[in-house]
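Mapping of the sequence shown onto UniProt numbering: position 43 corresponds to residue 43, and the numbering continues sequentially without gaps.
Just so it is clear, CB atoms sit at the ideal spot from N, CA and C, and this is done for glycine as well.
See below for the structure under consideration.
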Amino acid sequence: MPMRLGSERPELTGATEWFHQDLLPADLSDKYVLVHFWAVSCHICHETMNLLISYRDKYKEHGLQMVGVHFPRYEADTDIEKVKEDIAKYGITHPVAIDNLHKMAEAFQNEYVPAFFLFDKEGKLFFRTAGDRGFEKLQPKIEQVLGLSQA
């Protein structure tokens with residue numbers, strides 16, 4: 001069963017490796033957090049990454065903390081060099097967990113890439129979505145949780 005709205009944000013544990021972990025606040029309480037799952041083999045992930053990065057930059061000053069989770073779909077996705085290439089190519093400077101054992105995906109009850117989990121300041125799930133159609137709904141929800149829209 002998918003994670004329900006209002007659920008507590010799972011701990012960000014179980015990663016086999018981290019990139020930019022030093023940028024992850026020790027305490028995420030009282031922070032808006034967007035967790036996005038992606039994979040190097042995911043075409044939609046690549047198509048949406050630049051816009052997602054622009055959201056990170058645009059809403060950072062409003063308190064949005066972004067965390068990426070590389071969630072491999074195939075054995076070839078576990079090649080860390082390919083992940084590093086995508087991190088460099090797309091300018092991913094926010095923390096990225098490598099979830100080669102799928103522990104984080106299990107904690108988030110997620111099986112999709114791309115997938116997006118948006119949490120409010122209380123650490124409750126405010127919005128979740130997946131795929132390119134779901135991505136289209138993400139920015140208005142970010143603005144809503146940050147109090148930047150009337151919706």
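Residue range of the alpha helix (DSSP H) that includes residue i
{"i": "residue 133", "result": "131–135"}
{"i": "residue 49", "result": "43–60"}
{"i": "residue 138", "result": "138–145"}
Buried or exposed by the 16-neighbour rule on C-beta atoms within 10 Å, applied to residue i
{"i": "residue 110", "result": "buried"}
{"i": "residue 36", "result": "buried"}
{"i": "residue 112", "result": "buried"}
Alpha-carbon to alpha-carbon, residue j and residue i
{"i": "residue 52", "j": "residue 140", "result": "13 Å"}
{"i": "residue 18", "j": "residue 99", "result": "9 Å"}
{"i": "residue 115", "j": "residue 67", "result": "12 Å"}
{"i": "residue 92", "j": "residue 30", "result": "23 Å"}
{"i": "residue 157", "j": "residue 86", "result": "Since the first residue shown for the chain is 1 and the last is 151, residue 157 is missing from the structure and cannot be characterised."}
{"i": "residue 97", "j": "residue 6", "result": "23 Å"}
{"i": "residue 121", "j": "residue 15", "result": "23 Å"}
Residue interval of the beta strand (DSSP E) (run including residue i)
{"i": "residue 32", "result": "32–38"}
{"i": "residue 122", "result": "No beta strand (DSSP E) holds residue 122; DSSP gives it neither H nor E."}
**Asked** Going along the chain, which unbroken runs of the alpha helix (DSSP H) with 4 or more residues stay wholly within the segment 89–114?
**Response** 103–107
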